[in-house]
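S.K.: Here the sequence shown stands for residues 652 to 1232, where the numbers follow the numbering used here.
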Amino acid sequence: MAETPSPAPSISAREWADLLFDEDSFSEQFAGIGTPDPLHFEDSRPYVERVKEAREQSGGREAVLTGAARIGGLPVVAAISDFRFIGGSMGYAVGERVAHAMERAREAKTPFLAVTCSGGARMQEGMVALLQMAKTAAAAQRLHEAGVPMVTLLANPTTGGVFASYGTQGDILIAEAGALIGFAGPRVRAVHDADEERETLYAEDLYERGLVDLVSPREGLRHALITVLDLLRPTTAPDPETLPNVVEARDLERGWATVERARHAERPRALHYIQALTTDFVPLRGDRSGTDDPALVGGLGRIGDTNVVLIGQERGDLSLGGERHDGRVSPAGYRKAKRLMLLAERLRLPLVTFVDTPGAHDGIADEGAGLAGAISDCLATMASLTTPTVAVVIGEGGSGGALALTWADRLLMQQNAMYAITSPEGAAAILYRDRSRAPEVAEALGVAAADLLTLGVVDSLIAEPAGGAHTDPMAAVRLMRPALRRALAEAMRGKGSQRRQRRETRLNNIGVPPGGPLHALRNLGDVIGESLPRLDEAREAAVGQATKAATAASAVVERLRHRSDRDGPRTSVTTADGADV
């Protein structure tokens, strides 16, 4: 387990409010929700006496303080646990107050902040207390569906029903350094196995496993919240007229020369660009299932004036055995990428991806952990996004492992990057059983950025310093910045449904020669496809009119029959179908 600092002592909810909120900005709400005694519970003394004593000791009416406030001038609706009130436990009143506060945040479209410090569900209220887990988790889900950001601060200690309900529902999870955090606290675990009494997890352990995004000492939490809340705000699209000009990529290489430059050991990698292009970058960790893949980095940041979610394949020292596995992303890494994609979609933040990998991490263990499904999920998720998306191939784009992060509204490539169905060496081994023929295969496969621009796979190329990005990494950043900002501006135009439709149309047209018979057939198919619903409507209308006419004719015949029966001798009438009636 990770090295853990000594946890800070618990403080009251009012003290948390003073620590985190702007001075005199907090306004308490929902304080009138009372505490019931559904079981008329008694142990060593009646429950109502425990509640009375807790109020005297804590100075609060219940184990949570709810209301509206500002942090760094940014509005929030907050729910702060009070460990001094019966261990911060959640009963009916706590669940109601938290759920009401979340509903207020949803209605006001204001970020919700949960500060948790709790021992779990309140024993003295039995199942009524346990059901508050479902109530608060459902309220958090309504926040997610409304696109309202939720940030959770896990303070010391956070355990039990609070942690396993709304406590883990935050879009961003921040933990207090040294905080004891877990579903089963040490005393609960000791009930099952006395040998496990001292086994528990702390904030640092969860961070290592990618179960929380940030860990900060108590004195740094306010600053962390200000940074995160500011980056979660949706921003307007930049005006293309005000953006700096993009430098045109010249002297384009093809074939093996591009492969060598794309793979150069000194070529700048994803984290170099993310850190240089963004302000206030906040890394986010993990797939929320206990793993953080170092080959897949991501987080919140600001490019120019635009808040974005970022994802990057980070190659590190280019060694498969290194910390970052040469950018070969595992199933857990792709699950993390999907989590960040959905976060961008939910909070309406543009998504920017940086692609640089020789391929996915495809060992037997990865296959068994669902590698193919994880890549497929990323492809399907990117296809479904309505938030603006921009992908940049900055080095080697290797097969499906790269494609999983590139299906965006705008796809850019640095001029010396490559993107291929498989590595040239792999293709040479398959086609010729001779890896030494990789250079000629690279030419034939059209792996260079210039080839892919001609093919229509890529929207535009980003210029690099003479000789390649590795010759001057900061110059490479300066050349990328205007191209990326302009791509963001272009991607942010229009509605989400239009963006999705444009991606689908583009995908359908790649590989179809413009002006050729296949292109004409595809266009004809589109026209016919659009016309079919109208043809169906016309057919249904015609059937309806014919039915009405037949009904009217039958009515006429029936009236004549009745008249004949009434008036005497039968009169012959011939109907439209020739029948003599």
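Glycine included, every Cβ here is placed at the ideal spot set by N, Cα and C.
Determine the contact status of Thr1038 and Gly967, defining contact as a CB-CB distance below 8 Å.
M.R.: no
S.K.: What separation, rounded to the nearest whole angstrom, lies between the Cα atoms of Arg721 and Thr803?
M.R.: Distance between the alpha carbons of Arg721 and Thr803: 16 Å.
S.K.: Between which two residues does the beta strand (DSSP E) carrying Met801 extend?
M.R.: Boundaries of the beta strand (DSSP E) harbouring Met801: Met801 to Thr810, taken from the DSSP string.
S.K.: What does the Cβ neighbour count give for Pro919, buried or exposed, with the cut at 16 atoms within 10 Å?
M.R.: Label assigned to Pro919: buried.
S.K.: Quick one: any contact between the region 1073 to 1091 and the region 1024 to 1040, if contact means 3 or more CB pairs under 8 Å?
M.R.: no
S.K.: First and last residue of the beta strand (DSSP E) that includes Gly871?
M.R.: Judged by DSSP secondary structure, Gly871 falls outside any beta strand (DSSP E); it is assigned neither H nor E.
S.K.: Is it true that the CB of Gly861 sits closer than 8 Å to the CB of Gly963?
M.R.: no
S.K.: Considering Cα atoms alone, identify which of Pro808, Glu758, Ala756 and Glu754 is closest to Gly771.
M.R.: Pro808
S.K.: Can you say whether Pro800 is buried or exposed, counting buried as having 16 or more other CB atoms within 10 angstroms of its CB?
M.R.: buried
S.K.: Take the Cβ of Asp675 as the centre, count every other Cβ of all protein chains shown within 10 Å, and call the residue buried at 16 or more, exposed below.
M.R.: By the neighbour-count rule (16 or more Cβ atoms within 10 Å), Asp675 is not buried but exposed.
S.K.: Taking buried to mean at least 16 other C-beta atoms within 10 Å of its own C-beta, is Gln926 buried or exposed?
M.R.: exposed
S.K.: Would you give the residue range spanned by the beta strand (DSSP E) that Glu827 belongs to?
M.R.: Ile823 to Glu827
S.K.: Buried or exposed: which applies to Ala900, given that a residue is buried once 16 or more other Cβ atoms fall within 10 Å of its Cβ?
M.R.: Ala900 should be labelled buried.
S.K.: Count the other CB atoms within 10 Å of the CB of Ile1161; is the residue buried (16 or more) or exposed (fewer)?
M.R.: Around the beta carbon of Ile1161, fewer than 16 other beta carbons lie within 10 angstroms, which makes this residue exposed.
S.K.: Check each candidate in Val702, Leu1103, Asp864 and Ser1111 and name the one with the smallest Cα separation from Arg773.
M.R.: Val702
S.K.: Output the distance between the C-alpha atoms of Asp979 and Ala1114, rounded to the nearest integer angstrom.
M.R.: Looking at the sequence itself, residue 979 is Arg, so the reference to Asp does not match. Looking at the two C-alpha atoms, the distance is approximately 26 Å.
S.K.: Just checking, does the region 902 to 910 make contact with the region 1009 to 1028 on the three C-beta pairs under 8 Å criterion?
M.R.: no
S.K.: Since I believe Pro1009 is in contact with Asp977 (beta carbons under 8 Å), could you give me their beta-carbon distance rounded to a whole number of angstroms?
M.R.: Between the beta-carbon of Asp977 and that of Pro1009 there is about 6 Å, and that keeps the pair under the 8 Å contact cut.
S.K.: Smallest Cα separation from Thr679: which of Arg665, Leu671, Leu670 and His874?
M.R.: The question names Thr, yet the displayed sequence has Glu at residue 679. Between Glu679 and the set Arg665, Leu671, Leu670 and His874, the nearest pair of CA atoms involves Arg665.
S.K.: Could you give the distance in angstroms between the alpha-carbon of Ala1142 and the alpha-carbon of Ala875?
M.R.: 30 Å
S.K.: Could you work out which residue in Ser1087, Ala1071 and Gly1118 is closest to Leu1096 when comparing CA atoms only?
M.R.: Ala1071
S.K.: Under the three-state reduction of DSSP, which class applies to Ala1100: helix, strand or coil?
M.R.: Of the three classes helix, strand and coil, the one that applies to Ala1100 here is helix, per DSSP.
S.K.: Quickly, what does DSSP pair Glu693 with across the bridge? List them, please.
M.R.: Pro697
S.K.: Thinking just about the alpha-carbon of each residue, which of Gln1066, Asn958, Arg1154 and Ala1055 is nearest to the one in Pro1116?
M.R.: Gln1066
S.K.: Between which two residues does the alpha helix (DSSP H) harbouring Ile1045 extend?
M.R.: Run containing Ile1045: none in the alpha helix (DSSP H); it sits in the beta strand (DSSP E), Thr1040 to Gly1049.
S.K.: Straight-line CA distance for Asp673 to Glu870?
M.R.: 15 Å
S.K.: Measure the CB-CB distance between Val1006 and Thr929 and report whether it falls below 8 Å.
M.R.: no
S.K.: Compute the Euclidean distance between the alpha carbons of His915 and Ala921, then round it to the nearest angstrom.
M.R.: 14 Å
S.K.: By the 10 Å Cβ neighbour count, where 16 or more other Cβ atoms means buried, how is Arg1136 classified, buried or exposed?
M.R.: buried
S.K.: Using CA atoms only, rank isn't needed, just tell me which of Ala1011, Leu993 and Arg1153 is closest to Met1033.
M.R.: Nearest to Met1033 by C-alpha distance, out of Ala1011, Leu993 and Arg1153, is Leu993.
S.K.: Determine the DSSP secondary structure at Ala1171, reduced to helix, strand or coil.
M.R.: Per-residue confidence for Ala1171 stands at a pLDDT of 44, beneath the threshold of 50, marking its modelled position as unreliable; no derived number is given.
S.K.: How many angstroms separate the CA atom of Asp1013 from the CA atom of Ala1053?
M.R.: 13 Å
S.K.: Would you say Asp1102 lies against chain B (beta-carbon separation less than 8 Å)?
M.R.: Structure shown: chain B not included; a single protein chain is present.
S.K.: With a cut-off of 8 Å on the beta carbons, I'd call Phe681 and Gly711 a contact; round off their distance for me.
M.R.: Not a contact, Cβ separation roughly 13 Å.
S.K.: Using a threshold of 8 Å, state whether the C-beta atoms of Leu857 and Ile825 are closer than that.
M.R.: no
S.K.: Which class does Glu666 belong to by DSSP, given the choice of helix, strand or coil?
M.R.: helix
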